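A.B. asks:
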Amino acid sequence: MAEMMYREALNRALFEEMRKDPLVFVLGENIGERGGSYKVTEGLIKEFGAERVIDTPLAEATFTGAAVGAALAGTRPVVDILFVDFTTVPMDAIVNQAAKYEFMSGGQGQVPMVLRTQGGAGNSLAAQHSQSLEALFYHIPGLKLVMPSSPYDAYGLLVSAIRDDQPTIFIEHKLLYMTKGEVPEEEYVVPLGEADVKKEGSDVTLLTYSYMTLKCLEAAELLEKEGISVEVVDLRTLKPLDEETILASARKTGRVIIVHEACKRGGIGGDIAAMIMEEAYDDLDGPVMRVCGLDTPIPYNLELEKVCIPTTEDIVEAIIKIT
Amino acid sequence: MSKKSPPKSAAKSKTSSRGVTEKILLQMYRSVYATRQFELKCMDLYRQGLVRGYLHPYLGEEAIAAGACAAIGHDDFIVSTHRGHGHCISKGADLKLMVAEIMGRATGYCKGRGGSMHIFSKENHNLGANGIVGAGIPIATGAAMGIKVRKEKRVVLVFFSDGAANQGVFGESMNFAAAFELPVIFMLENNHYAVSTPVECSFGNCDLACKGPAFGMPGICIDGNDAVEVYLTTKSAVERALNGEGPTLIEAKTYRHGGHHLNDPGDYMDQKVLAEWKARDPLDILRGKIRGKKKVKEVEDQAELELSEAIEFAKNSPQPSVDEFLTSIPNF
Chain E
1 MAEMMYREAL NRALFEEMRK DPLVFVLGEN IGERGGSYKV TEGLIKEFGA
51 ERVIDTPLAE ATFTGAAVGA ALAGTRPVVD ILFVDFTTVP MDAIVNQAAK
101 YEFMSGGQGQ VPMVLRTQGG AGNSLAAQHS QSLEALFYHI PGLKLVMPSS
151 PYDAYGLLVS AIRDDQPTIF IEHKLLYMTK GEVPEEEYVV PLGEADVKKE
201 GSDVTLLTYS YMTLKCLEAA ELLEKEGISV EVVDLRTLKP LDEETILASA
251 RKTGRVIIVH EACKRGGIGG DIAAMIMEEA YDDLDGPVMR VCGLDTPIPY
301 NLELEKVCIP TTEDIVEAII KIT
Chain U
1 MSKKSPPKSA AKSKTSSRGV TEKILLQMYR SVYATRQFEL KCMDLYRQGL
51 VRGYLHPYLG EEAIAAGACA AIGHDDFIVS THRGHGHCIS KGADLKLMVA
101 EIMGRATGYC KGRGGSMHIF SKENHNLGAN GIVGAGIPIA TGAAMGIKVR
151 KEKRVVLVFF SDGAANQGVF GESMNFAAAF ELPVIFMLEN NHYAVSTPVE
201 CSFGNCDLAC KGPAFGMPGI CIDGNDAVEV YLTTKSAVER ALNGEGPTLI
251 EAKTYRHGGH HLNDPGDYMD QKVLAEWKAR DPLDILRGKI RGKKKVKEVE
301 DQAELELSEA IEFAKNSPQP SVDEFLTSIP NF
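Quick mapping for you: the protein sequence lines, in order, are chains E and U. Numbered per my numbering, the first sequence spans residues 1 to 323. Numbered per my numbering, the second sequence spans residues 1 to 332.
1) Checking the sheet assignment: what are the DSSP bridge partners for Q118/E?
2) So, is the C-beta of L72/E closer than 7 Å to a C-beta in chain U?
3) Report the neighbours of F25/E on chain U: residues whose CB is nearer than 7 Å to its CB, in chain order.
4) From the DSSP secondary-structure annotation, give me the bridge partner or partners of A252/U.
5) Bridge partners for I257/E per DSSP, in chain order?
6) Give every residue of the same chain whose Cβ lies closer than 6 Å to the Cβ of A9/E, excluding the five residues on either side of it in the sequence, and list them in chain order.
7) Nearest to K315/U by alpha carbon, out of Y33/U, I102/U, G67/U?
8) Pull up the CB-CB distance for V256/E and A195/E, whole angstroms please, since I reckon it's below 8 Å.
9) Determine the direct distance from the alpha carbon of L188/U to that of A194/U, and round the result to whole angstroms.
10) Cα separation between N225/U and E61/U?
11) Short of 6 Å in beta carbon distance, which residues of its chain neighbour E276/U, apart from the five on each side in sequence? Order them along the chain.
12) From P318/U to R105/U, what distance separates their C-alpha atoms?
13) Please state the DSSP three-state secondary structure of V195/U.
14) Do H257/U and L59/U come within 7 Å of each other at the CB atom, strictly closer than that value?
15) Going along chain U in order, which residues have a C-beta closer than 7 Å to the C-beta of D92/E?
16) Taking all protein chains shown into account, decide if E261/E is buried (16 or more other Cβ within 10 angstroms of its Cβ) or exposed.
17) Determine whether the Cβ of A9/E lies closer than 7 Å to any Cβ atom of chain U.
18) Could you check what DSSP says for R113/U in three-state terms: helix, strand or coil?
19) Let's see if you can read the secondary structure: which residues bound the alpha helix (DSSP H) around V149/U?
20) If the criterion is Cβ atoms closer than 7 Å, does the pair R236/E and P148/E meet it?
21) Is there contact here, the region 64–81 of chain U with the region 290–304 of chain U, by at least three beta-carbon pairs under 8 Å?
22) Apart from the five residues just before and just after E172/U, which ones in its own chain have a Cβ nearer than 8 Å to its Cβ?
23) Shortest alpha-carbon distance to G92/U belongs to which of G134/U, R113/U, G53/U, A68/U?
24) Just to make sure I have the definition right: I need the residues of chain U whose C-beta is within less than 8 Å of the C-beta of N96/E. Which are they?
25) So, do the region 262–272 of chain U and the region 103–122 of chain U have three or more beta carbon pairs nearer to each other than 8 Å?
26) Taking beta-carbon pairs under 8 Å, can you tell me which members of the region 50–69 of chain E lie near chain U?
27) Are the region 208–219 of chain U and the region 88–97 of chain E touching, with three or more C-beta to C-beta distances below 8 Å?
28) Is the beta carbon of E42/E less than 7 Å from the beta carbon of I162/E?
29) Cutting at 6 Å between CB atoms, please list the residues of its own chain near A177/U, excluding the five before and the five after it.
30) Answer yes if the region 81–88 of chain U comes into contact with the region 60–79 of chain E, meaning at least three C-beta pairs across the two stretches below 8 Å, and no otherwise.
31) Determine the direct distance from the alpha carbon of G163/U to that of M1/U, and round the result to whole angstroms.
32) Does L249/U have its Cβ less than 7 Å from a Cβ in chain E?
33) Taking the alpha-carbon positions, what's the V259/E to M275/E distance?
34) Are the C-beta of M1/U and some C-beta of chain E separated by less than 7 Å?
35) Quick check: F63/E and V114/E, are their CB atoms within less than 7 Å of each other?
36) Assuming K41/U and I222/U are in contact, meaning their beta carbons sit under 8 Å apart, how far apart are those beta carbons, in whole angstroms?
Shown next, in the form of C-alpha cells:
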C-alpha cells in the first residue's frame, strides 16, 4: 500500500487505462501541457501525445457532443469539464444524446464515455463554481453517476467507469483532490453500483457520498465517545444505486440520516428516503431525516458560504436529535 | 416569405452527367426514386394510422442524400437528421427494417423504440437521425475525432439544415473540425425554411457557404437538386478529408415539396417559388442525365418491389413485447 492523493489516484487510473487500451483518450479544456486545473491529467500529453490528450476549444456543448460521436465511432473518450456548473452548457449532449443513444437505437449505438467533472463548495468560488448538481444527472435514465470520497475509491471507480460501456458522469469534489489515503500498488477495480460501509455502527445510519463522507466520519467518531454507535455508508455510486446495502443498514439501525452537500429541495436524499420508507418502513424507528445544503445559490463570502453547507456539528446535532 | 428562386446555373448542367459513370448515376437514381416512393408510401401509412408521431418527408431534397452518399464508401459514417429517411436509404438501409421501425414494430432498426426521428444502422455506419436540430453536428465532429484516434482512413458526412446552422454547436463544430483538420463533410441542406421561418428572416448573411472560410475551410454553394453536382462536390471534399486537409462545408440549395411535417400544410410557403422548384424536380433532373431508359425502369421496378415487400414485412411484424421492454430497463 502506498499513500496517495485523490488527484494522484485519478491520474494513475488515466495513465494505466490509456496504456492498456489505445481507444481510451481524454479531451477537455487545458488538460494537456497544463495538466488540468487540479493536475488530474498531468503528464498524460507527454506519454500519449496531442492525438489522445486533446486540448479542446472552449466549447463544452461541442466537445461533449463530440465525445458522444467518438464513442459511437468505437473509442472510449474521457471528457473533462472543469466545473460541474459548466455541464449546464452541454446538457443536450448529456441528456438527449449520451443518455439516450443506446436506447433509441435499439441497442446498436453504445456510448462508452466518461464525463469527469468537479463540484462542491468550500473555496469561495461563488455561485457559478461551487454547486452540487448531481441530482440533475440522477434524474436522467441512461446515465451512471459516480461520486467517490477517497483516493482508493477514486482510482477503482474511474477504472471501472472507463471500462464500462454506458455513459458515466464522474463527479469529483474540489476539496478532496489534496486528501490522502491508502491505495494498493497493484491494479484493482471498485465495481460501479456498490456502496461501501466506511464505518460500522448499530444505533444510526448515515447515508452519504463524496466530501460529506469525511464530515460524517468525523461526526461518527465524536459520537462514539458519547456512546452512540454510528454507521457510515458511503454510496460511492449513485446510479446504479446500491439499494441492498442501504436497506440492510437501515434495517439494522432503524434510524437513517441522509447527508449531502447539494440543496435539500429536489436532492437525491429525498428520493433515497422515499425508497427506504417504501421498502423498510416496518423496520424503522422514526422518519428518515436529511442534513443537506441550504436551498440557495452559494455566496462568495467565506462565512456566508459556510452556513450553506452541512458541518460536522450539524450532523452531530441531527444524530443526537433522533437517538 | 422565402422568394428565392432555383439557381440559374443549374440549367447548363441539366442534361450533362459530367463524366459520372452510369453505375453511379443508377445508384443515385435508385436512392432518389426509392426515397420518393418511400416517403409517399409512409404518408399513406400515416393516414391509415399505421405510422404515428412525427413524419418529416424528404420530398424534394432527395438528390442531396443520393449524391453525397454515392460519393462515400460503405465504411464511412453518416450522421442524419429528423428529416432523415433519404440519408438512411441512400446509405444502403434495408427498407424492411426502416418501414418496420417507422411503424414501431419489434423487427425495426431500433426495435420500435426510436421511430422515424431516431433510425440508426450500425451495419450501414449510419450514426443516427436526431430529434434535436443541430445535435448531430458535434456528434459527427466527434466521430471524425474517433477516426483519428483509431488511425483509420474514413470520413464522416453530416447532414443538417439551414435551421441547424443557427445553433451554436454549428459554429463551434466547424471551428473544432477545422482546428483539428478532421475528416468531416458538413452538408448543409438549405431548404430555405426552419419549420416556417425563412432563411431571409433568420440570417444576417444568407450566403451560408461563406461560413466555411470564416472557420478555416472551403465553403461551396451548389444546386442541391442536381445529384451529379452533389456527388462531384462531395467526392472532392472526401478526397480533401482523406488527404488530411480537413473538413469542407457544402451548402446544397433545395426546397421542401411541402410543409415541415405531414400535418403542416406549409401555407406560409410562396406557391410561385414552390412551383418553380417543383419544376426542377431532383428526380427528373437525374433521370434526364441517364441514357439507358430501360435500366431506369428496372431500377424503378426493383425499388417499388422492395418497398412493397418492406411494407408487407412491417405489417406482418409483431409489436414489441411490453414484458421484454419492462425487463430490459436497466437500473440506472
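Here a beta-carbon is modelled for each residue, glycine too, at the ideal position from N, C-alpha and C. Values in this document were obtained by computation on a predicted structure and should not be read as measured data.
C.D. replies: This is what the structure holds:
1) E172/E
2) yes
3) V149
4) E189/U, I222/U
5) L206/E, M289/E
6) P151, A154, Y155, V183
7) I102/U
8) Their Cβ separation, rounded to whole angstroms, is 13 Å, which puts V256/E and A195/E out of contact at 8 Å.
9) 13 Å
10) 7 Å
11) S5, P6
12) 6 Å
13) coil
14) yes
15) I132, A135
16) buried
17) no
18) coil
19) 136–149
20) yes
21) no
22) P138
23) A68/U
24) G131, I132, A135
25) no
26) E51, R52, I54, T56, P57, A59, A61, T62, F63, T64, G65, A66, A67, V68, G69
27) no
28) no
29) T141, V184, P247
30) no
31) Since pLDDT at M1/U reaches only 47, below the 50 mark, its modelled position is unreliable, and the value read off the structure follows with that caveat. M1/U and G163/U: Cα-Cα distance of roughly 15 Å.
32) no
33) 15 Å
34) In this predicted model, M1/U has a pLDDT of only 47, less than 50, meaning its place in the structure is not dependable enough to derive any value.
35) no
36) At roughly 29 Å, the Cβ-Cβ gap does not stay under 8 Å, so K41/U and I222/U are not in contact.
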